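Asker: Numbering-wise, full-length UniProt numbering puts 239 at position 239 of the sequence shown, and it's gapless, one number per residue.
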Amino acid sequence: MRALSQIQKKAIAAYLLSKRRKQEQLYGSAKQATRRWWVRPVLRKRETDGAFSKLVQDLEKEDPQWYFEYLRMTPTKFKELLAIVKSKIEKKHTNWRRPISAATRLALTIRHLATGESKRSLSYQYLIGRSTVTLIVAETTEAIWTSMKSQCLKPPTQSTFQTIADKFMRRWDFPNCIGAIDGKYIRLRCPENSGSTYFCHKRFFSVVLMAVVDADYKFQFVDVGAEGSAGDSSIFARSSFGCAILNGTIETPEPKPIPNGTILPHVFVADEAFPLKMNIMRPFPGGLSVADRQKRVYNYRLSRARLVVENAFGILAARWRIFNSPINCKLETVDSIVKACCCLHNFVMSENSQYCPINFVDAQSGNREIIPGAWRTMVSDNWLQRQQRQGANNFAVTPMTIRTKFLEYFNSGQGALPWQEEYLFG
Numbered sequence: 001m002r003a004l005s006q007i008q009k010k011a012i013a014a015y016l017l018s019k020r021r022k023q024e025q026l027y028g029s030a031k032q033a034t035r036r037w038w039v040r041p042v043l044r045k046r047e048t049d050g051a052f053s054k055l056v057q058d059l060e061k062e063d064p065q066w067y068f069e070y071l072r073m074t075p076t077k078f079k080e081l082l083a084i085v086k087s088k089i090e091k092k093h094t095n096w097r098r099p100i101s102a103a104t105r106l107a108l109t110i111r112h113l114a115t116g117e118s119k120r121s122l123s124y125q126y127l128i129g130r131s132t133v134t135l136i137v138a139e140t141t142e143a144i145w146t147s148m149k150s151q152c153l154k155p156p157t158q159s160t161f162q163t164i165a166d167k168f169m170r171r172w173d174f175p176n177c178i179g180a181i182d183g184k185y186i187r188l189r190c191p192e193n194s195g196s197t198y199f200c201h202k203r204f205f206s207v208v209l210m211a212v213v214d215a216d217y218k219f220q221f222v223d224v225g226a227e228g229s230a231g232d233s234s235i236f237a238r239s240s241f242g243c244a245i246l247n248g249t250i251e252t253p254e255p256k257p258i259p260n261g262t263i264l265p266h267v268f269v270a271d272e273a274f275p276l277k278m279n280i281m282r283p284f285p286g287g288l289s290v291a292d293r294q295k296r297v298y299n300y301r302l303s304r305a306r307l308v309v310e311n312a313f314g315i316l317a318a319r320w321r322i323f324n325s326p327i328n329c330k331l332e333t334v335d336s337i338v339k340a341c342c343c344l345h346n347f348v349m350s351e352n353s354q355y356c357p358i359n360f361v362d363a364q365s366g367n368r369e370i371i372p373g374a375w376r377t378m379v380s381d382n383w384l385q386r387q388q389r390q391g392a393n394n395f396a397v398t399p400m401t402i403r404t405k406f407l408e409y410f411n412s413g414q415g416a417l418p419w420q421e422e423y424l425f426g
């Protein structure tokens, strides 16, 4: 190959230099691409122009309704919550920079849970770097859970269970009922290197939220993190409260006479996904004929009592809309997010009627038809999908006997509702 002449070499060098200059004009030089500042100048305005300093403060002073819609709680409840978690999320001042305040961290996290808004969007609003937003959400949700679980998800005592049973009887006409059990798939982005472990039969990636709910739509027990693909009895049995319920070690009240005088244990109500046990009542299997009137009455009465857990999940998803699309976080952060939302649900539910107004949950009309609650129009179709079967139908004699006793009561003169026959059979 003939060597290049000096003129050709100079021409090539000039061409390459010209090309490089054009690229630098369009895209910036390699030197310019390196980090130009320790903190972006606009982020230095966080304390004066960030969403917490401007918008949240203005809403607190001028518009309580919008404040509630923004953070799902009143200013008083927010300050109460801040006092509880502050020690776990507050950072120390350094010689190099001022820390992001605990109040800002909490408000940003609550807003993320309330809306499911992207971390990029929150970064712009709160004038906080995106990677820092991710870290704040992870730390703050974990702090909410660890700080509030003993207060908001305190294991019921025998006395508490008895109060719950009285409310179930008064509101839903189901005696000796101390809670409703159900599971819900929490959608998430495919975790790294997980294969199909978290891919459920509904054809999306998920973890399972297993919960027991009382008559006031509040969570008594929650367990999060079981793989969406599990879907069998192991999910319930592996949870701490599931083990306690199945083993009979949970501290429930002693068996008590129901209104017709039959002494029965206190029970949890569940759907067909759960096994029939001494302390878990589930429906009779589907496909009941017209002749199975008594079984159909029993199933109807049990389904009425179970409405509380369906509505609790509905309120949760309607108020904390992060559940309405796949959660894009590390698995441990997903667990913290779900548990934190359950704590926040109980925390706000206990004192604020705005959080769950009367028409927000299912109710009965004058002719006993169920009127759908407003939450049903606010959640995605995926949230309404039920969990798959948890166990087999190999029942022991004693649980079947207990279920039969409830069936007899619901069809007796003491236990039948005046309108149940007409409602079910016309």
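C-beta: ideal position from N, C-alpha, C; glycine also. Given the structure is predicted, the values throughout are model-derived calculations rather than measurements.
#1: Leaving out five residues before and five after R296 in sequence, what residues of the same chain have Cβ atoms less than 7 Å from its Cβ?
#2: Apart from the five residues on each side of it in sequence, which residues of its chain come closer than 8 Å, Cβ to Cβ, to L71?
#3: From which residue to which residue does the beta strand (DSSP E) around D182 run?
#4: Please state whether DSSP places P257 in a helix, a strand or coil.
#5: Taking DSSP as the reference, what is the three-state secondary structure of A13?
#6: If I follow the unbroken beta strand (DSSP E) through A211, where does it start and stop?
#7: Please state if the CB of Q420 and the CB of F68 are separated by a distance shorter than 7 Å.
#8: Since I believe T333 is in contact with T104 (beta carbons under 8 Å), could you give me their beta-carbon distance rounded to a whole number of angstroms?
#9: First and last residue of the beta strand (DSSP E) that includes V267?
#10: Any idea if F410 is buried or exposed, counting beta-carbon neighbours within 10 angstroms, 16 or more meaning buried?
#11: Closer than 6 Å by C-beta to S380: which residues in its own chain qualify, once you throw out the five before and the five after it? Chain order, please.
#12: On the three-state DSSP scale, how would you describe M281?
#13: Which of the three DSSP states, helix, strand or coil, is assigned to L417?
#14: In the DSSP assignment, find the unbroken alpha helix (DSSP H) run with V137 in it and report its ends.
#15: Tell me, please, which residues DSSP counts as bridged to L264.
#16: Okay, do the stretch 156-168 and the stretch 247-264 touch, 3+ Cβ pairs below 8 Å being the bar?
#17: Could you check if A30 is buried or exposed, using at least 16 other CB atoms within 10 Å of its CB as the buried criterion?
#18: Under 7 Å between the Cβ atoms of W145 and S336?
#19: Tell me the DSSP bridge mates of I327?
#20: Skipping 5 residues on each side, what residues in its chain have a beta carbon closer than 6 Å to that of V224?
#21: Just to confirm my understanding: we take P75, look at its own chain, exclude 5 residues before and 5 after, and list those with CB closer than 8 Å. What are they?
#22: To the nearest angstrom, how far is the alpha carbon of residue 432 from that of S53?
#23: Kindly list the residues whose CB is nearer than 8 Å to the CB of N311, restricted to its own chain and excluding five residues on each side of it in sequence; keep chain order.
Answerer: To lay it out plainly:
#1: Reading the sequence shown from its first residue, position 296 is the one you call residue 296. So the qualifying residues of the chain are L288, L424.
#2: Here residue 71 refers to the residue found at position 71 when the sequence shown is read from its first residue. Correct list, in chain order: V56, F78, A107, I110, R111, A114.
#3: Along the sequence shown, read from residue 1 onward, the residue named residue 182 stands at position 182. D182 -> beta strand (DSSP E) spans 177-187.
#4: Numbered from 1 along the sequence shown, position 257 holds the residue referred to as residue 257. Three-state result, P257: strand.
#5: In the sequence shown, the residue the question calls residue 13 occupies position 13. A13 falls in the helix class under three-state DSSP.
#6: By one-based count along the sequence shown, residue 211 stands at place 211. If you look at A211, you'll find it in the beta strand (DSSP E) that goes 206-213.
#7: As a working note, residue 68 is residue 68 in the sequence shown. As a working note, residue 420 is residue 420 in the sequence shown. No, Cβ-Cβ distance for F68 and Q420 is not below 7 Å.
#8: On the sequence shown, position 104 is the one that residue 104 refers to. On the sequence shown, position 333 is the one that residue 333 refers to. That belief does not hold up - the Cβ atoms of T104 and T333 are roughly 19 Å apart, past 8 Å.
#9: Residue mapping note: residue 267 aligns to position 267 of the sequence shown, counting from 1. Run containing V267: 267-269, per the beta strand (DSSP E) assignment.
#10: To locate residue 410, count along the sequence shown from 1; it is residue 410. Buried.
#11: By 1-based counting over the sequence shown, the position of residue 380 is 380. Correct list, in chain order: N324.
#12: Walking along the sequence shown from the start, residue 281 turns up at place 281. Of the three classes helix, strand and coil, the one that applies to M281 here is strand, per DSSP.
#13: On the sequence shown, position 417 is the one that residue 417 refers to. Correct three-state label for L417: coil.
#14: Taking the first residue of the sequence shown as 1, we reach residue 137 at position 137. In the DSSP assignment, V137 falls within the unbroken alpha helix (DSSP H) covering 130-152.
#15: As a position in the sequence shown, residue 264 is number 264, starting the count at 1. Note: L264 sits in a beta bridge opposite K256.
#16: yes
#17: Your numbering for residue 30 matches position 30 in the sequence shown. Low confidence applies to A30: its pLDDT is 48, below 50, so where it sits in the model is not reliable, and the reading given next is rough at best. Result: exposed.
#18: Start at 1 with the first residue of the sequence shown, and residue 145 comes out as number 145. Start at 1 with the first residue of the sequence shown, and residue 336 comes out as number 336. Yes, the Cβ-Cβ distance between W145 and S336 is below 7 Å.
#19: Translated into positions along the sequence shown, residue 327 becomes position 327. For I327, which the question treats as bridged, DSSP gives the partners L188.
#20: Counting from 1 along the sequence shown, the entry for residue 224 is found at position 224. Hits under 6 Å: L209, D335, V338, K339.
#21: The residue you call residue 75 lines up with position 75 of the sequence shown. Result list for P75: E60, P64, Y67, in chain order.
#22: This structure gives no information on residue 432, because the portion of the chain shown stretches from 1 to 426.
#23: In the sequence shown, residue 311 corresponds to position 311, counting from 1. Cβ within range, chain order: Y217, V361, D362, G373, W375.
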